[in-house]
Amino acid sequence: MARNEAEDGDYIQLALIEYQAEYEIPFRLIHCWKELRKCHKWKRVELPNFEADKADKNKRYKSSFCSSEVQRPMGRDLAKKKASASSTSSSSNNEDALARKRELELKAQEIKMRDMEQRLQDIQF
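Just so you know, we're using the numbering used here here: the sequence shown kicks off at 158 and counts up by one.
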């Protein structure tokens, strides 16, 4: 169902009136809305009718709204490959991080020992 521009204008005016009635202030971002309404994200999507093709039970349903613009997520197998490849390099990173942490802990212990020795010397004098 395609609407013409006059119907769109009526639809927009009705939406603006409803917005003002609900929020008690006028909608001030109409210029933004006019730009964003053209974006793919905000367009209505045609939903497939799975009931219509009951005769072709063995065939997969091909919808008309799927396009090459929509990027599919990474598959399970590829995700596992990437995870295993990164796990070998991350194990060396983990070892480096643990070594740095140990060094910092040793330095912190040395500083505490120096403080305690200094306090003992201050108490003795």
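Idealized CB from N, CA, C, for every residue including glycine.
- Within the same chain, Pro-183, Phe-184 and Ile-187 come within 8 Å of Leu-173 by CB-CB distance, once the 5 residues on both sides are set aside.
- Annotation: Tyr-168 to Cys-196 spans about 19 Å, alpha carbon to alpha carbon.
- Distances from the CA of Asp-165 to each of Ala-178, Glu-252 and Arg-194 were compared; the closest alpha carbon is that of Arg-194.
- A direct Cα-to-Cα measurement between Glu-267 and Met-273 gives close to 10 Å.
- Taking Lys-198 as the centre and dropping the five residues before and after it, the same chain places no C-beta closer than 8 Å to its C-beta.
- Separation of Asn-251 and Met-231 (C-alpha to C-alpha, rounded to the nearest whole angstrom) is 26 Å.
- Counting along the chain, the unbroken alpha helix (DSSP H) around Cys-189 starts and ends at 187-193.
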